[in-house]
Amino acid sequence: MAKSGVFLGLITVDVMYQTPLPLGANEKRQADGMGLAAGGPATNARSRFRLWATRLSYWAQLAVIP
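Residues 505 to 570, numbered by my numbering, are exactly what the sequence shown covers, in order.
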């Protein structure tokens, strides 16, 4: 029997900047690269559940911070 799940919730977009060395206090440096990743409670739960399920639905809204 196929397992299925529905996940409702907010998602976040994580922006990661790559630099060759960690930055010091009040130091600015141009990034060598950039990466984007989805996160948030609904995304994390869906990712874990996907390991065991064959069918799932994912309904989410991007969180907006004013």
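Backbone N, C-alpha and C define an ideal beta-carbon position, used for all residues, glycine too. As the structure is a computational prediction, the values presented were derived from the model and not from experiment.
Assuming the contact rule is C-beta atoms closer than 8 Å, residue i and residue j should be a hit. Round their C-beta distance to whole Å, please.
i	j	result
R550	A506	Contact flag wrong, Cβ pair sits at about 16 Å.
A542	M520	Not a contact, Cβ separation roughly 12 Å.
By alpha-carbon positions, which one of the options ends up nearest to residue i?
i	options	result
D536	A529, Q522 and P526	Q522
Keeping to the same chain, check which residues put their C-beta closer than 6 Å to that of residue i; ignore five residues upstream and five downstream.
i	result
T547	I515
G539	M520
Would you check if the distance between the CB atom of residue i and the CB atom of residue j is smaller than 9 Å?
i	j	result
V510	W563	yes
Return the chain-ordered list of same chain residues with a C-beta closer than 7 Å to the C-beta of residue i, the five sequence neighbours on each side being excluded.
i	result
G513	G544, P545, A546 and A564
L527	R533
Tell me which same chain residues have a C-beta within less than 8 Å of the C-beta of residue i, skipping the five on either side of it?
i	result
V517	L540, A541, A542, G543 and L566
| field | Within the region 506-530, ranges of the beta strand (DSSP E) (whole runs, at least 3 residues) | value | Within the region 506-530, the runs of beta strand (DSSP E) that reach at least 3 residues and sit entirely inside it are, in chain order, 508-522.
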